[in-house]
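Participant:
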Amino acid sequence: MVKVRTAVSALLAAVLAVSIAGCSFTNGNQTLPRKYDPSDGVGANVGDLDVRNALIVTDDGSRGSLVVTVINQTDKQKQLSMQYESSSATAANGRETVRVNVPEFSTVTFGYDESEQVVLEDIDTTPGALFPVYFTSGNSEGAELKVPVLDTTLAEYDGLTPSPSPTAVPTPSATPTAVPVPIPTPTEGTAPEGDNSGDTAPGDSVDSGQ
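Residue numbers (mature numbering (1 follows the signal peptide of the UniProt record, and there is no 0)): -21 to -1, 1 to 189.
1. Just to confirm the assignment, what range does the beta strand (DSSP E) spanning Ser67 have?
2. For Ala57 versus Val81, is the C-beta spacing smaller than 8 Å?
3. Can you tell me whether Tyr136 is helix, strand or coil according to DSSP?
4. Please state whether DSSP places Gly102 in a helix, a strand or coil.
5. When you compare only the Cα positions, how much space is there between Ser116 and Leu133?
6. In whole angstroms, what is the alpha-carbon distance linking Asp19 and Val98?
7. Could you tell me if Leu124 is buried or exposed, where buried requires 16 or more neighbouring beta carbons within 10 angstroms of its beta carbon?
8. Do you know offhand how far Arg74's Cα is from Phe84's?
9. Following the continuous beta strand (DSSP E) through Phe84, name the residue where it begins and the one where it ends.
10. Just mark Pro127 as buried or exposed, buried being the case when its beta carbon has 16 or more other beta carbons within 10 Å.
11. How many angstroms separate the CA atom of Thr48 from the CA atom of Asp27?
12. If we ignore side chains and look at the alpha-carbon of each, how far apart do Asp137 and Ile102 end up?
13. Using the three-state DSSP reduction, which class does Lys55 fall into: helix, strand or coil?
14. Assuming Glu120 contacts Ser67 (C-beta within less than 8 Å), just tell me the rounded distance between them.
15. With Val22 as the anchor, note down where its beta strand (DSSP E) starts and where it stops.
16. Determine the extent of the beta strand (DSSP E) in which Asn32 is found, giving its start and end residues.
17. Please report the Cβ distance between Thr140 and Asp38, rounded to the nearest whole angstrom; I am assuming they are in contact, meaning their Cβ atoms lie under 8 Å.
18. Could you give the distance in angstroms between the alpha-carbon of Thr69 and the alpha-carbon of Thr76?
19. How is Tyr113 classed by DSSP in three states: helix, strand or coil?
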């Protein structure tokens, strides 16, 4: 009986230890084993730039606005490149690249409120999907993120869809230049001379009388 009680006590102690360890692993004072993004978006460190809370807002899945915050803590302007698959890409690999500049010592958000939009053209996705976007900066190794695709069902994303594509305005044709029509210059008549008598009769020509 004593041996049974001892075994049960040991088992309970082991379970309790695991439970306590699990609680301390997930409490607010511990570092989580994965990167945590405090938004619907995802992020990564790309060279000297920090990409935060990247997500795509779309209407129909063919055009999307990439909403993302980029942090540059260096004393120099940095360029961030974003590459994605596009049906209209001219590159051989079928990918389109968008580049933005991030000023030194700045935090810049794209696609939100009145900020500049980064529009992904001719993509094939749907709200609720994850769309791969490859981020890189300088010569550093980039990171491919599975970016969440959202629509305006949630009120906080209302108004963040891509701006309408600019409509091509036809160039008015040049107004044809009017070609002046030359006015014929009158030439001297060749009427036969009159009798210079000063008297005229029907059928006579009229001359100067000199």
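The beta carbon of each residue, even a glycine, is placed where N, CA and C say it ideally should be.
Facilitator: Answer, in terms of the structure:
1. The residue you call residue 67 lines up with position 88 of the sequence shown. Careful: Ser67 lies outside any beta strand (DSSP E) and carries neither H nor E.
2. Here the question's residue 57 lines up with position 78 in the sequence shown. Here the question's residue 81 lines up with position 102 in the sequence shown. Here the sequence assigns Lys to residue 57, which means Ala is not the residue at that position. Yes, Cβ-Cβ distance for Lys57 and Val81 is below 8 Å.
3. As a position in the sequence shown, residue 136 is number 157, starting the count at 1. Of the three classes helix, strand and coil, the one that applies to Tyr136 here is helix, per DSSP.
4. Translated into positions along the sequence shown, residue 102 becomes position 123. It is Ile, not Gly, that sits at residue 102 in the sequence shown. DSSP places Ile102 in coil when its eight states are reduced to three.
5. To locate residue 116, count along the sequence shown from 1; it is residue 137. To locate residue 133, count along the sequence shown from 1; it is residue 154. One C-alpha to the other measures close to 32 Å.
6. Residue numbering aside, residue 19 sits at position 40 when the sequence shown is read from its first letter. Residue numbering aside, residue 98 sits at position 119 when the sequence shown is read from its first letter. Cα-Cα distance, rounded: 19 Å.
7. As a first step, residue 124 is located in the sequence shown; it is residue number 145 there, counting from the start. Classification for Leu124: buried.
8. Along the sequence shown, read from residue 1 onward, the residue named residue 74 stands at position 95. Along the sequence shown, read from residue 1 onward, the residue named residue 84 stands at position 105. The alpha-carbon atoms of Arg74 and Phe84 are separated by roughly 30 Å.
9. Numbered from its first residue, the sequence shown carries residue 84 at position 105. It is not in any beta strand (DSSP E) - Phe84 carries neither H nor E in the DSSP assignment.
10. What you label residue 127 is simply residue 148 of the sequence shown in a count that begins at 1. So Pro127 ends up on the buried side.
11. Residue numbering aside, residue 48 sits at position 69 when the sequence shown is read from its first letter. Residue numbering aside, residue 27 sits at position 48 when the sequence shown is read from its first letter. If I take the Cα positions, the gap works out to 14 Å.
12. Residue numbering aside, residue 137 sits at position 158 when the sequence shown is read from its first letter. Residue numbering aside, residue 102 sits at position 123 when the sequence shown is read from its first letter. Their backbone Cα atoms lie some 20 Å apart in a straight line.
13. Taking the first residue of the sequence shown as 1, we reach residue 55 at position 76. Coil.
14. Residue numbering aside, residue 120 sits at position 141 when the sequence shown is read from its first letter. Residue numbering aside, residue 67 sits at position 88 when the sequence shown is read from its first letter. Actually they are not in contact, since the Cβ atoms of Glu120 and Ser67 sit about 28 Å apart, beyond 8 Å.
15. Start at 1 with the first residue of the sequence shown, and residue 22 comes out as number 43. In the sequence as displayed, the identity of residue 22 is Gly instead of Val. Gly22 -> beta strand (DSSP E) spans Val21 to Val25.
16. Counting from 1 along the sequence shown, the entry for residue 32 is found at position 53. Taken as a continuous stretch (DSSP letters only), the beta strand (DSSP E) holding Asn32 covers Leu28 to Thr37.
17. Along the sequence shown, read from residue 1 onward, the residue named residue 140 stands at position 161. Along the sequence shown, read from residue 1 onward, the residue named residue 38 stands at position 59. Their Cβ separation, rounded to whole angstroms, is 5 Å, which keeps Thr140 and Asp38 in contact under 8 Å.
18. In the sequence shown, counting from the first residue as 1, residue 69 sits at position 90. In the sequence shown, counting from the first residue as 1, residue 76 sits at position 97. Their Cα atoms are separated by approximately 10 Å.
19. Reading the sequence shown from its first residue, position 134 is the one you call residue 113. Three-state result, Tyr113: strand.
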